[in-house]
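Visitor:
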Amino acid sequence: STIENGNFEWSAPSNIALVKYWGKKDNQIPANPSVSFTLNNCKTITKLAFSKKENQESFSFDLLFEGKPKEDFKPKIQKFLERVEVYLPFLKDYHFTIDTQNTFPHSSGIASSASGMAALAMNFMSLERKLNPEMTDDYFYQKASFLARLGSGSACRSVKGEMVVWGNQANIEGSSDLFGVEYPYAIHDNFKNYQDTILLVDKGEKQVSSTVGHDLMHNHPYAERRFAQAHENLDKLIAIFENGNLDEFIKVVESEALTLHAMMMTSMPYYILMKPNTLQIINAIWKFRQETQIPVCFTLDAGANVHVLYPENVTEKVLQFIQDELVVFCQNRQYICDKIGSGALLI
Ligand code: PMV
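Residue numbering for the sequence shown follows the UniProt record's numbering, beginning at 14 and increasing consecutively.
1. Can you give me the start and stop residues for the beta strand (DSSP E) that Lys75 sits inside?
2. In chain order, what are the residue ranges of uninterrupted beta strand (DSSP E) at least 3 long that sit wholly in the UniProt domain "Mvd1 C-terminal" (211 to 340)?
3. Give me the residue from Thr272, Ala134, Lys65, His108 with the minimum Cα distance to Thr57.
4. Just verifying my parser: in three-state terms, what is the DSSP assignment at Cys169?
5. Should Arg239 be counted as a contact of the ligand PMV given a C-beta to heavy atom distance under 8 Å?
6. Please look up how many angstroms separate the CB atoms of Ser171 and Ser27, rounded, as I've assumed it's under 8 Å.
7. Taking just the CA atoms, how far does Ser189 sit from Leu160?
8. Contact defined as beta carbons within less than 8 Å: I believe Phe240 pairs with Asn45. What is the distance between those atoms, to the nearest angstrom?
9. Give me the residue from Leu313, Gly316, Tyr323 with the minimum Cα distance to residue 5.
10. If you drop the 5 nearest sequence neighbours on each side, which residues of the same chain put their C-beta closer than 8 Å to that of Gln66?
11. How would you write the range of the alpha helix (DSSP H) that Glu95 sits in, first residue to last?
12. Could you work out which residue in Val214, Lys216, Asn296 is closest to Val309 when comparing CA atoms only?
13. How should Gln155 be labelled, buried or exposed, when 16 other C-beta atoms within 10 angstroms of its C-beta is the threshold for buried?
14. May I ask you to list the residues that DSSP assigns as paired with Trp35?
15. Using C-beta distances below 7 Å, list every residue in its chain close to Gly166, excluding the 5 sequence neighbours before and after it, in chain order.
16. Who does residue 364 pair with in a DSSP beta bridge?
17. Nearest to Gly316 by alpha carbon, out of Leu339, Leu292, Gln336?
18. Any residue with its Cβ nearer than 5 Å to a heavy atom of the ligand PMV should be included. What is that list in chain order?
19. For Phe78, which option in Ala30, Asn115, Glu245 has the closest C-alpha, if you only look at C-alpha atoms?
20. Might you give, ordered along the chain, the residues of its own chain that have their beta carbon closer than 6 Å to the beta carbon of Val327, omitting 5 neighbours on each side?
21. In the structure shown, what three-state DSSP assignment does Ala30 receive?
As structure tokens, this is what we get:
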């Protein structure tokens, strides 16, 4: 090609699943469909510089994290490049410098793989578009999500906002195992600017990598029932998103979080990823909800941190509650205020 060098910069947000992806088949195909809120504040910002090189036999790239060389992420990126090369045949023509930073604190226990892989995929798509300028925007975003999925499954839900479905669900038009799609149906105003305050309970390294975690669903005694339940819960959410029934929303979302952890507790080997403070927080949220009737609930990822979800109109009361009663359960009293957001952005 004729493009010698240049650079792009993209930001991509993290996302929080409402119906969880847990278990996969070969080639990053999910065992069940999932749906997530795209976040707004927790983002990865990645700059990709590229220059034409002579030797086209292998990949060549430098990796910087917050401006400093970062060797330990290199194998993950190398593996990603190997996986996507068939879809981006120009990758060996260039030397890349990948310079990345997160807006959330380093090793906060917030997974940066979704936002990181999405930001990288957007940059590579920008280069592809530079080489083939005729592509449509739909193709651009769909392929970016497809590539992000090959980096980290949940990353395919970080390309677009505000709600993204990934995985084939018969009654959701356009849904696919290969990429995430914007939720295509009516969304009630109750979900507008939905808030997510992330309580940092344990900032330590993940006990179980998601690769190992997904594998635990192979030969899991409850796998088949769980995968069917994910379809049922997504189906319930279609009605809930339309009618705005927050009591029903809470039931689905909290059950999904606890089921994710139940799967880990009932696999072989088995894990408990919640900490005592995770349970303290859950109990405090239940008590507060019962006493105030404020529709606040929790969800969890594969770790001890708690995402506190609530509609915008109760923000002040919930933040007061968090400060008064929940920050004592957080490491260094740390939490991050986030909300539903709109997806990746070219900077
Ligand atoms: O994208 P992965 O392979 O890191 O898997 C993430 C799985 C969960 O975060 C636990 C659930 C989800 O759907 O995001």
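Using N, Cα and C, we set each Cβ at its ideal position, and we do this for glycine too.
Guide: In terms of the structure at hand:
1. The sequence given here has Asp at residue 75, not Lys. Taken as a continuous stretch (DSSP letters only), the beta strand (DSSP E) holding Asp75 covers 73 to 78.
2. 310 to 313, 319 to 323
3. Ala134
4. helix
5. no
6. 7 Å
7. 14 Å
8. 4 Å
9. The structure shown has nothing for residue 5, since the chain only spans 14 to 360.
10. Sequence check: residue 66 is Lys here, not Gln. Around Lys66: Ser73, Asp106, Tyr107, His108.
11. 87 to 97
12. Asn296
13. buried
14. Trp35 is not bridged to any residue.
15. Tyr34, Lys37, Gln41, Pro43
16. Nothing about residue 364 can be read from this structure; the chain reaches only from 14 to 360.
17. Leu292
18. Ala30, Lys33, Tyr34, Ser47, Ser165, Gly166, Ser167, Ser223, Asp314, Ala315
19. Asn115
20. Ile307
21. strand
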